[in-house]
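Novice: Going by the numbering used here, the letters in the sequence shown line up with residues 29 to 398, in that order.
First the structure, then my questions, so here it is.
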Amino acid sequence: MVSVILVDPGMSNTSSSEGGSLVLKDPNVYHDRASLWNARTWERPEDVEAIPHKSRAYHDGCPTLAPLSFSQSSSGARDQIKSFQERRNLVSPLDELVFHWTRLAPKDLIAETSKKSSNAAYYLLKHVAQHWMNQLELINCTVAKGEYFSDDYQAKIDDTLSGQEWKAELTSINEITKDINYMRRQMNHLWRAMMLNLERLGVQLGCEQVDNNLSLALRGAQMDFLAIYTRLQPLRERVELLTAVANDVANLRAAFKGIYDGEFSLRLAIFASIVFPLILVASILSMGEDFLPGKSKFWIFWASSVPFVVAFAVGLVYGGRLDREAVRDVKGVMQNGSKRRMGKQGKQEDVEKSWKQLLMRRYLGGSSPC
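Rendered as structure tokens:
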């Protein structure tokens, strides 16, 4: 009891004057998943604001440490239902102990406490277990959101980003990975702390079971902490998997960037071969006297080589995309033409007209005169 008084209230800086609790909230409202994904942690105290905490999973999920059935409590506790439903400071362990021992403690628990003094910690152990469960609820919510965003982020890879944008994306992923690794280390810390709690309660790890020879408070603590230990294991594994997913996403984006850079380098190498057509054209056109600099036909060199270079460069950069689109359109025309030939005779002219319209629209930007 002296230890409880020394640490009470455990979270005095978040206690409100009304007896409730406060949490820190980001005042910004994120309207889509992209902005929420790109949100950063708070760097300064003025970036967040304190608001009343009304989360059912955090506080209202277990508003009382007494059994849910009031028939197990004394008649005096049933008479105090009105005061029990009023708001009180759930953060203070001392206030909770005083409230439950004076308002809700059944007579059989008081008798058991008179026989075994360890039962005096009955509600204190329940209070600690409640905070463990609340913490697991928050961790589960955080991990679930992380899994959702990781799945959504893996499905979208834009290979048209610039080098600076790629670096920014990889930097963002590395920062997120750092936060996930911090959460993973925190989960390992909680796991070791829970193992230590079970050892202190006399639970043999490897063959976990409740010792019915212990007092009522210790039996309840063993049951509660074994349940918490069981719930902590899958959360810890999910955080480990989330860390692996973040690393895979970073490696995948780096691989895509490497492929894109290699493809671009290859295109530049091919583009460098333009020098040879220029030399060839210059050699051919410079053979005659009229094509020498300052002569009447010297302009033919520039009129022929510059458009040739531009057309060649456009073909290198966008040729693959145009080829794919042209093949897709040609297949559609062929399928439509085959259907027309099967349905009616003498429609070969329609197919030829479709080919002409396709080529004019695709490469000349106009329409066929036919």
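Ideal placement from N, C-alpha and C gives every residue a C-beta, glycine not left out.
As the structure is a prediction and not an experimental result, all values here were calculated from the model.
State yes or no: is the C-beta of F253 within less than 9 Å of the C-beta of M222?
Specialist: Cβ distance < 9 Å, so F253 and M222 count as in contact.
Novice: Let me know if I256 comes out buried or exposed under the rule of 16 or more other beta-carbons within 10 Å of its beta-carbon.
Specialist: Buried, since its Cβ has 16 or more Cβ neighbours within 10 Å.
Novice: In whole angstroms, what separates the C-alpha of P91 from that of K154?
Specialist: Per-residue confidence for P91 stands at a pLDDT of 47, beneath the threshold of 50, marking its modelled position as unreliable; the derived number appears in the next sentence. Near 11 Å, if we compare the C-alpha coordinates of K154 and P91.
Novice: When the Cα atoms are used, what is the spatial distance from E203 to Y210?
Specialist: When rounded, the distance between both Cα atoms is 11 Å.
Novice: Beta carbon of E175, beta carbon of R266: below 9 Å?
Specialist: It is a contact, given that the beta carbons lie within the stated cut-off.
Novice: Between V238 and R247, how many whole angstroms is the CB-CB distance? I'm expecting something under 8 Å.
Specialist: The pair is a contact, with the Cβ atoms about 6 Å apart (cut-off 8 Å).
Novice: With a threshold of 7 Å on Cβ separation, who are the neighbours of L263 within its own chain once the five nearest residues in sequence on each side are excluded?
Specialist: Closer than 7 Å at the Cβ level, and outside the excluded window around L263, lie L164, I167, N168, V171 and M215.
Novice: Whole angstroms are fine: how far does the CA of E193 sit from the CA of T199?
Specialist: Cα-Cα distance, rounded: 10 Å.
Novice: Is it the case that the Cβ atoms of L242 and G230 are separated by a distance below 9 Å?
Specialist: For L242 and G230, yes; Cβs fall inside 9 Å.
Novice: Determine the DSSP secondary structure at S332, reduced to helix, strand or coil.
Specialist: Three-state DSSP puts S332 in a helix.
Novice: Here's the rule I'm using: 16 or more other beta-carbon atoms within 10 Å means buried, otherwise exposed. How should W327 be labelled?
Specialist: Result: exposed.
Novice: Take the Cβ of A139 as the centre, count every other Cβ of all protein chains shown within 10 Å, and call the residue buried at 16 or more, exposed below.
Specialist: Its Cβ having fewer than 16 others within 10 Å, A139 is exposed.
Novice: When the Cα atoms are used, what is the spatial distance from K135 to K144?
Specialist: Computed Cα separation, rounded: 14 Å.
Novice: By the 10 Å Cβ neighbour count, where 16 or more other Cβ atoms means buried, how is L224 classified, buried or exposed?
Specialist: L224 should be labelled exposed.
Novice: For L125, name the three-state secondary structure that DSSP assigns.
Specialist: DSSP places L125 in helix when its eight states are reduced to three.
Novice: Consider the C-beta atom of S142 and the heavy atoms of the ligand ATP; say whether any pair is separated by less than 8 Å.
Specialist: Ligands in the displayed structure: none, and consequently the ligand ATP is not present.
Novice: Inspect the beta-carbon positions of A157 and A245 and report whether they are closer than 9 Å.
Specialist: In this structure, A245 does not lie closer than 9 Å to A157 by Cβ.
Novice: Rounded to a whole number of angstroms, what is the C-alpha to C-alpha distance between E197 and T205?
Specialist: Approximately 12 Å between the Cα atoms of the pair.
Novice: Determine the direct distance from the alpha carbon of A339 to that of L294, and round the result to whole angstroms.
Specialist: Between L294 and A339, the C-alpha separation is close to 18 Å.
Novice: How close, in whole Å, do the beta carbons of R213 and E268 come, if the pair is a contact with beta carbons under 8 Å?
Specialist: Going by Cβ atoms, the distance from R213 to E268 rounds to 11 Å, so no, they are not a contact pair.
Novice: How big is the Cα-Cα spacing for A148 and T141?
Specialist: Using only the alpha carbons, I get a separation of about 6 Å.
Novice: Pick helix, strand or coil for E203, following the three-state DSSP scheme.
Specialist: Helix at E203.
Novice: Ignore the nearest five residues each way along the sequence and tell me which others in G343's own chain have a CB closer than 6 Å to its CB.
Specialist: Same-chain partners within the cutoff: there are none.
Novice: Answer with buried or exposed for P335, where buried requires no fewer than 16 other C-beta atoms within 10 angstroms of its C-beta.
Specialist: Exposed.
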